[in-house]
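**Student:** First residue of the sequence shown? That's 39 in my numbering, and the numbers climb one at a time after it.
Heads up, the beta-carbon is just placed ideally off N, CA and C, and yes, glycines get one too.
Please read these numbers as outputs of a predicted model, since none were measured by experiment.
Next up is a structure, given as structure tokens.
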Amino acid sequence: MIPEEVILSPGHSVELLARPTEGLLPLTIEHVPNGFQIHSCREFDPDWHVRFNGKLIKASSPTVLKDFE
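Here's what the structure looks like:
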């Protein structure tokens, strides 16, 4: 599985979005320094997006939210 990593700064909040598929849920979310990694259950490479400050952003590894302020 390919995880996505989102790097947060203090005060940031995001909405995690993904196209629903049979192998997506349940999610595993791991805290890493400065943010988190998102892992799907069985979906190899889900189409992850985050909504941040009203913008829809295609998640990559890593997605640094301060780049979208």
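Taking only the alpha-carbon atoms, compute the straight-line gap between R89 and F82 and give it to the nearest angstrom.
**Tutor:** Here the question's residue 89 lines up with position 51 in the sequence shown. Here the question's residue 82 lines up with position 44 in the sequence shown. Their Cα atoms are separated by approximately 22 angstroms.
**Student:** Would DSSP call L94 helix, strand or coil?
**Tutor:** Taking the first residue of the sequence shown as position 1, residue 94 is located at position 56. Of the three classes helix, strand and coil, the one that applies to L94 here is strand, per DSSP.
**Student:** Thinking C-beta only, is H77 closer than 9 angstroms to P41?
**Tutor:** Position 3 of the sequence shown, counted from the first residue, corresponds to residue 41. Position 39 of the sequence shown, counted from the first residue, corresponds to residue 77. Contact: yes.
**Student:** Using the C-alpha atoms, what's the distance from F106 back to T59?
**Tutor:** For the purposes of this step, residue 59 is taken as residue 21 along the sequence shown, with counting starting at 1. For the purposes of this step, residue 106 is taken as residue 68 along the sequence shown, with counting starting at 1. Rounded to whole angstroms, T59 to F106 spans 28 angstroms at the Cα level.
**Student:** Identify the continuous beta strand (DSSP E) that holds L55 and give its terminal residues.
**Tutor:** Your numbering for residue 55 matches position 17 in the sequence shown. Looking at the DSSP string, the run of the beta strand (DSSP E) that includes L55 is 53-56.
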